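Q: In this text, residue positions in the sequence shown follow my numbering: the first is 12, and each later residue adds one. No residue lacks a Cβ here, since even glycine has one placed at the ideal position from N, Cα and C. Here the structure is a predicted model, which is why all the values come from computation and not from measurement.
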Amino acid sequence: INDDRQGPCALQAGDADLAIVEPDQLTPEIRNKALQAEQYVLVCTQAWKKRPLKSILANERIVDFNPQDQMTYRYLQRFDLHPTPKGRHFANRTDTLVAMVANGMGYSALPLAFAQPHIDNQSIMVLNQRHVFLQPWHLAWYDRPNPPAYFSHCIDAIS
12 INDDRQGPCA
22 LQAGDADLAI
32 VEPDQLTPEI
42 RNKALQAEQY
52 VLVCTQAWKK
62 RPLKSILANE
72 RIVDFNPQDQ
82 MTYRYLQRFD
92 LHPTPKGRHF
102 ANRTDTLVAM
112 VANGMGYSAL
122 PLAFAQPHID
132 NQSIMVLNQR
142 HVFLQPWHLA
152 WYDRPNPPAY
162 FSHCIDAIS
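1) Quick check: what's the CA-CA separation for residue 42 versus residue 160?
2) If we call anything under 8 Å between Cβ atoms a contact, is residue 73 one with residue 83?
3) Using the Cα positions of residue 18 and residue 152, report the straight-line distance between them to the nearest angstrom.
4) So what does DSSP say about residue 70, is it helix, strand or coil?
5) Cutting at 6 Å between CB atoms, please list the residues of its own chain near residue 95, excluding the five before and the five after it.
6) Tell me which residues share the same chain as residue 93 and place their Cβ nearer than 8 Å to its Cβ, disregarding the 5 neighbours each side in the sequence.
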């Protein structure tokens, strides 16, 4: 399991049978199935509750998974928000990333399903009037001459 943008390369090299990819990574020879879009929200620590969004974007750092992670930038671009470049912090574990945000080290765009328990326990809060960015995903694979029966069952089971 890998969450970088190398899914199509892994498929082509035979290192993976299935990959979850963004629509712009699909090519005509790759078979695919559209999956349910993932909902992302912009979050920060509850301690910044009274701060305007513009102040946070101007004075705080982004916290992302790794340098290749562009989701927070995509969220900001989608809603025409303009952060002042302050650099980014990185945490290659999602629980560490949430802890960094909860402790005021920056803000981040996180999947709503992942963020919701932390929102509910009030360790983080949603910014930008709770606007949601929808990230489309596709399940991708190459046709096989004689695929095992379980292969099509896996494809059918993933939504």
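A: Here's the rundown:
1) 17 Å
2) yes
3) 10 Å
4) helix
5) 69
6) 68 and 87
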